Every structure is written in structure tokens, then in C-alpha cells.
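A.B. asks: In the numbering used here, the protein residues as written are 359 to 476.
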């Protein structure tokens, strides 16, 4: 039974799952729009929104926390200087998931676009 299990495990260890989230979050921050599976998009959305909230704080401690979660200086710089100021007056809901009508050919997985709201 799945009592009190709140997140998808993707049949990976904790370290592998964190690496997946970091990779998808880095791609989303740098490209501002990615295409991935629906389940991965749903899982990484909360990770990215926490990073944007840290970016809105903007102090040194928040920047260090963001670097600990996402160890890519270029992505963290873009997050703090470009993305976070856009959402200064917004309380959450920084990303949107758009389901795509077609499925992936290899495994017939549902695809989605994960992007920042304008």
C-alpha cells in the first residue's frame, strides 16, 4: 500500500532522483521551456518553484541555498537576476504544464511542456 507516500520515485534511488530534478530544473531555467514526460514535469515543478521562491528573497543565504540545491552558477545567476524579478508580485504558481496530444514513440509515455508563466 502507498500510505503516506507523497512523491514519485521513478524507480530510482534518492541520489538519482535528485540528479534528475537538478538536470530538469537547470534545463528549464536556462531554456525557460522544456518538453518531458508528464510525470517528470509534475515532479520537478515543486522543485523549480522552491528555487524561484529563493530567488525572490535574493539575499546571500538564499543564493547559497539555491547553489546547494542546483550546483550550476550560470543557472542560479539567471534565476536570481532574470527569472525571480518577473514574479515579484506573484505568490506561487510560476510554472505551467501543457499536455501534448501525442505520445512518445518508444514507450508511449504522455508528453508535456513545462514552462514559466508570462
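All residues carry an ideal CB built from backbone N, CA and C; glycine is no exception. Just so it is clear, the structure is predicted and the values come from calculations on it, not from any experiment.
Compute the distance between the beta-carbons of residue 471 and residue 387, then report whether it is under 8 Å.
C.D. replies: No, they are not a contact pair.
A.B. asks: Closest to residue 460 by C-alpha separation, out of 394, 364, 369, 370, would be which residue?
C.D. replies: Comparing Cα positions, the closest option is 394.
A.B. asks: Kindly indicate which residue of 430, 368, 419 has the alpha-carbon position closest to the one of residue 401.
C.D. replies: Ranking 430, 368, 419 by Cα distance to residue 401 puts 368 first.
A.B. asks: Go through the stretch 384–408 residue by residue and report every complete run of the beta strand (DSSP E) that reaches 3 residues or more, in order.
C.D. replies: List check, beta strand (DSSP E) in window: 391–395.
A.B. asks: Classify residue 414 as buried or exposed, calling it buried when 16 or more other Cβ atoms lie within 10 Å of its own Cβ.
C.D. replies: So residue 414 counts as buried.
A.B. asks: Among 399, 363, 450, which one has its Cα closest to the Cα of residue 380?
C.D. replies: Per the Cα distances, 399.
A.B. asks: What are the boundary residues of the beta strand (DSSP E) that includes residue 461?
C.D. replies: First-last of the beta strand (DSSP E) with residue 461: 453–461.
A.B. asks: Could you work out which residue in 410, 430, 359 is closest to residue 377 when comparing CA atoms only?
C.D. replies: It is 430 whose Cα lies nearest to the Cα of residue 377.
A.B. asks: Go ahead and label residue 490 buried or exposed: buried means 16 or more other beta carbons lie within 10 angstroms of its beta carbon, across all protein chains shown.
C.D. replies: This structure cannot settle anything about residue 490, because the visible part of the chain is limited to 359 through 476.
A.B. asks: Thinking residue 383 and residue 363 are a contact (beta carbons under 8 Å), I'd like their distance in whole angstroms, please.
C.D. replies: Going by Cβ atoms, the distance from residue 383 to residue 363 rounds to 22 Å, so no, they are not a contact pair.
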